[in-house]
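Numbering (mature numbering (1 follows the signal peptide of the UniProt record, and there is no 0)), first residue to last: -24 to -1, 1 to 128. Beta carbons are placed, not taken as given, at the ideal position from N, Cα and C, and that holds for glycine.
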């Protein structure tokens, strides 16, 4: 192998790698086992292990949203519940509300301080009648509204 071997007292090995990208890498790790017989003659066994290294967590600024956005609800039309996704690029107080076609507020799904990121909120509509509903995201100066259809 050409490299100097280091004597270790480990019987097992766990290796985690952290880096700027969420990707898996495969490395090869060689481990030499030294055995001595009763005459103290050594016999060397070489064992090669495959070690997969996975990123566990990283705060990558490039992956954070760069602008506010409110995405289409899905599924749409929906029967009992819909998922609403949105993103915020900076710390902000956000409010997500649902209105009926007459402009009456039927629910406040979110009203809190958020960190930059992409969020999902589930809208449960068991107690509402079929029809057209609007959902509105207000986050700082950003306001956007979209529509969704409830079919029972």
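I need the DSSP call for residue 114, collapsed to helix, strand or coil. Walking along the chain shown from the start, residue 114 turns up at place 138. Residue 114 falls in the strand class under three-state DSSP.
Note down the Cα distance separating residue 112 from residue 101, rounded to an integer number of angstroms. Your numbering for residue 112 matches position 136 in the chain shown. Your numbering for residue 101 matches position 125 in the chain shown. Taking the straight line joining both Cα atoms gives about 16 Å.
Pop quiz: residue 41 and residue 64 are said to be a contact at Cβ under 8 Å. What is the actual Cβ separation, rounded to whole angstroms? As a working mapping, residue 41 is identified with position 65 in the chain shown. As a working mapping, residue 64 is identified with position 88 in the chain shown. Contact flag correct, Cβ pair sits at about 7 Å.
Identify the continuous beta strand (DSSP E) that holds residue 61 and give its terminal residues. The count along the chain shown starts at 1 and reaches residue 61 at position 85. That run of the beta strand (DSSP E) goes 57 to 64.
Helix, strand or coil at residue 70 according to DSSP, with G and I counted as helix: As a first step, residue 70 must be located in the chain shown, where it is residue number 94. Strand at residue 70.
Going straight from the alpha carbon of residue 43 to that of residue 96, what length do you get? Taking the chain shown and counting its residues from 1, one reaches residue 43 at position 67. Taking the chain shown and counting its residues from 1, one reaches residue 96 at position 120. Whole-angstrom Cα-Cα distance: 16 Å.
Counting C-beta neighbours from all protein chains within 10 Å, is the total for residue 130 16 or more, i.e. buried, or is it exposed? Outside the displayed range of the chain (-24 to 128) lies residue 130, so it cannot be described from this structure.
Would you list the residues sitting across from residue 122 in a DSSP beta bridge? Taking the first residue of the chain shown as 1, we reach residue 122 at position 146. Answer by DSSP bridge pairing, in chain order: 111.
Under the rule that 16 or more other beta-carbon atoms within 10 Å means buried, what is residue 33, buried or exposed? If you number the chain shown from 1, residue 33 lands on position 57. With a pLDDT of only 37 at residue 33, under 50, the local geometry of the prediction cannot be trusted, and the value read off the model is given with reservation. Looking at its Cβ environment, which holds fewer than 16 other Cβ atoms inside 10 Å, residue 33 is exposed.
To the nearest angstrom, how far is the alpha carbon of residue 124 from that of residue 114? Counting from 1 along the chain shown, the entry for residue 124 is found at position 148. Counting from 1 along the chain shown, the entry for residue 114 is found at position 138. The straight-line gap from Cα to Cα measures roughly 17 Å.
Expected contact under 8 Å - CB spacing of residue 67 and residue 89 to nearest Å: Position 91 of the chain shown, counted from the start, is the residue given in the question as residue 67. Position 113 of the chain shown, counted from the start, is the residue given in the question as residue 89. Taking the Cβ atoms as the reference, residue 67 lies roughly 7 Å from residue 89, within the contact range of under 8 Å.
Please report the distance separating the alpha-carbon of residue 51 from that of residue 58. Locating residue 51 in the chain shown gives position 75, counting from the first residue. Locating residue 58 in the chain shown gives position 82, counting from the first residue. Each residue's Cα considered, the two are about 6 Å apart.
Could you pull out every residue in the same chain whose Cβ sits closer than 8 Å to the Cβ of residue 45, ignoring the five residues on either side in sequence? What you label residue 45 is simply residue 69 of the chain shown in a count that begins at 1. Cβ within range, chain order: 62, 63 and 120.
Residue 39 in three-state terms, based on DSSP: Your numbering for residue 39 matches position 63 in the chain shown. Assigned with DSSP and collapsed to three states, residue 39 falls in helix.
Taking only three categories from DSSP, how would you classify residue 98? Locating residue 98 in the chain shown gives position 122, where the first residue counts as 1. Three-state DSSP puts residue 98 in a strand.
I need the boundaries of the beta strand (DSSP E) containing residue 84, first residue and last residue. Locating residue 84 in the chain shown gives position 108, where the first residue counts as 1. For residue 84, the uninterrupted beta strand (DSSP E) segment begins and ends at 81 to 90.
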